[in-house]
Amino acid sequence: MKIVIFAGGFGRRLWPISLSTSPKQFEPIIGDRSTIQLAVERVLGQYGAENIFISTNERYADIIRQQLPEIPEQNVIGEPTRRDLAAAVGLALMHLAHVGTADEPVAILWGDNYMKDVARFGQVVGTAERLIQQGATKLAFMGESPRFANPNLGWIELGEQLGELDGQSYYRFGGLTYRPPQEACERMFASGNCVWNTGYFITTIGYVLEAYQKYQPAIWEKLNAIGQTIGTADYTAALNEIYPQIESISFDDAILTHLNLDEAFVLHAPMGWSDPGTLYALKEAINPDPSANVTRGAGAGGWFAGQLDLQLRTAQIGHGRRAGGDDCH
Numbered sequence: 018m019k020i021v022i023f024a025g026g027f028g029r030r031l032w033p034i035s036l037s038t039s040p041k042q043f044e045p046i047i048g049d050r051s052t053i054q055l056a057v058e059r060v061l062g063q064y065g066a067e068n069i070f071i072s073t074n075e076r077y078a079d080i081i082r083q084q085l086p087e088i089p090e091q092n093v094i095g096e097p098t099r100r101d102l103a104a105a106v107g108l109a110l111m112h113l114a115h116v117g118t119a120d121e122p123v124a125i126l127w128g129d130n131y132m133k134d135v136a137r138f139g140q141v142v143g144t145a146e147r148l149i150q151q152g153a154t155k156l157a158f159m160g161e162s163p164r165f166a167n168p169n170l171g172w173i174e175l176g177e178q179l180g181e182l183d184g185q186s187y188y189r190f191g192g193l194t195y196r197p198p199q200e201a202c203e204r205m206f207a208s209g210n211c212v213w214n215t216g217y218f219i220t221t222i223g224y225v226l227e228a229y230q231k232y233q234p235a236i237w238e239k240l241n242a243i244g245q246t247i248g249t250a251d252y253t254a255a256l257n258e259i260y261p262q263i264e265s266i267s268f269d270d271a272i273l274t275h276l277n278l279d280e281a282f283v284l285h286a287p288m289g290w291s292d293p294g295t296l297y298a299l300k301e302a303i304n305p306d307p308s309a310n311v312t313r314g315a316g317a318g319g320w321f322a323g324q325l326d327l328q329l330r331t332a333q334i335g336h337g338r339r340a341g342g343d344d345c346h
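Counting in our numbering, the sequence shown runs from 18 upward without gaps.
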């Protein structure tokens, strides 16, 4: 299976920890390793560096090479400009189509998340991969078993349980809600029938590229023109000329909303996943105890050139605001 880890965002909501010159995915936010380094470590032993690809903005390519020397240089896919995730995912899959086969599974992951139970994460990824390989589904979403009613995330509703593989249950996809209001979150959390949307999913290279051809022909035309030059001396010029012309639209709006998701599967587990996209979410990732204070300052991780003294006092945050983050789409 191929792995694509996206690490091109700016992380504006986590300023001043996250800066445009060095966004949150490259900072040692938790421990002494950046979240992009942790994201690679989670899949490195299972899939090997040769199957891991990093999608990022070209301005961060040097940071990627410095932090991830094990990743082959040709596996770092640089965007010359930001055009949202429809363009970024499409470009990455064009590169994968150049080295893989249409029916090969691919995992779409994000480089700014944190995972406490790495072993459980690996099990869920492996089960999703096998379901794809068996032809049981074309798309498998990965959810996190919710820890509380978080209104800052996307939620996935679980349909009927369809089966179990390697001790991991999988369900029919029941729908997606993006950042519902607190009252709705409380209902979904209490129902036990909804999970947090991590934004991770496993599919095949060919399935998604066919969706671009069918639902976004204008985007596909430009991606295909770039793809024809991959591995040639014309690639850089074609990328710089054509990529900025691609419509700036989310992957959800461009592709996911058009797919027949009646047969999509959802897997979830208590993996300890969190998206530390805000100070509230960061505090929960560092210490989930709602009564605890968290202090990180100079000499404790090097945040903000060692000058930032960050104090998150949960008592001042208030009910329902003890953690947060972005839906990864």
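Backbone N, C-alpha and C define an ideal beta-carbon position, used for all residues, glycine too.
Counted within 10 angstroms of its Cβ, other Cβ atoms place residue i as buried (16 or more) or exposed
i: N277; result: exposed
i: Y187; result: buried
i: H285; result: buried
i: E96; result: buried
i: T253; result: exposed
i: P293; result: buried
i: D49; result: exposed
i: G244; result: buried
i: N169; result: buried
i: R204; result: exposed
i: A250; result: exposed
i: T274; result: exposed
i: G184; result: exposed
i: E44; result: buried
i: V225; result: buried
i: T331; result: Note that T331 scores a pLDDT of 34, beneath 50, so its modelled location is shaky and nothing firm can be said.
i: T98; result: exposed
i: G180; result: exposed
i: Y229; result: buried
i: A207; result: exposed
i: A24; result: buried
i: P122; result: buried
i: N74; result: buried
i: Y195; result: exposed
i: G107; result: buried
i: N130; result: buried
i: N210; result: exposed
Residue span of the beta strand (DSSP E) that contains residue i, given as start and end
i: T215; result: 211 to 221
i: S72; result: 69 to 74
i: V285; result: Sequence inspection shows His at residue 285; the Val mentioned does not correspond to that position. Run containing H285: 282 to 286, per the beta strand (DSSP E) assignment.
i: L126; result: 122 to 127
i: G95; result: 93 to 96
i: F206; result: Run containing F206: none in the beta strand (DSSP E); it sits in the alpha helix (DSSP H), 199 to 208.
i: I20; result: 19 to 23
For residue j and residue i, believed in contact at Cβ under 8 Å, the rounded distance
i: W172; j: N214; result: 6 Å
i: L15; j: V212; result: With the chain running from 18 to 346 in the structure shown, residue 15 is simply not present.
i: Y217; j: A124; result: 7 Å
i: M288; j: V141; result: 7 Å
i: E87; j: A66; result: 5 Å
i: T52; j: G139; result: Between G139 and T52 the Cβ distance is about 17 Å, and since that is not below 8 Å, they are no contact.
i: L126; j: I22; result: 5 Å
i: F282; j: R147; result: F282 to R147, Cβ: 11 Å. No contact.
i: K239; j: I259; result: 5 Å
i: R100; j: I263; result: 5 Å
i: A78; j: V93; result: 6 Å
Range covered by the alpha helix (DSSP H) that runs through residue i
i: N241; result: 234 to 244
i: N257; result: 252 to 259
i: I53; result: 52 to 64
i: G117; result: Careful: G117 lies outside any alpha helix (DSSP H) and carries neither H nor E.
i: D10; result: Residue 10 is absent from the structure shown; the chain starts at 18 and stops at 346.
i: F43; result: That residue, F43, is in no alpha helix (DSSP H); it is neither H nor E in DSSP.
i: D270; result: 268 to 271
CB contact below 8 Å: residue i versus chain D
i: K155; result: Absent from the structure is chain D; it holds one protein chain and no more.
Closer than 7 Å: residue i CB and nearest the ligand GTP heavy atom
i: G248; result: As presented, the structure is devoid of all ligands, the ligand GTP included, so that no description of it is given.
>> Under 8 Å, with one C-beta from each stretch per pair, do the region 230 to 247 and the region 59 to 77 reach the 3-pair mark?
In response: No, the region 230 to 247 does not touch the region 59 to 77.
>> Restricting to runs no shorter than 3 residues, where is the beta strand (DSSP E) found entirely within the region 129 to 188?
In response: 157 to 161, 171 to 182
> Is there contact between the region 132 to 141 and the region 108 to 115, where contact requires at least three CB pairs shorter than 8 Å?
Replying inline: Two segments are said to touch when three or more pairs of C-beta atoms, one from each, lie closer than 8 Å; by this definition the region 132 to 141 does not touch the region 108 to 115.
> Are the region 139 to 159 and the region 76 to 83 touching by the rule of at least three beta carbon pairs closer than 8 Å?
Replying inline: no
>> Pairs of beta-carbons, one from the region 221 to 230 and one from the region 137 to 157, closer than 8 Å: are there three or more?
In response: yes
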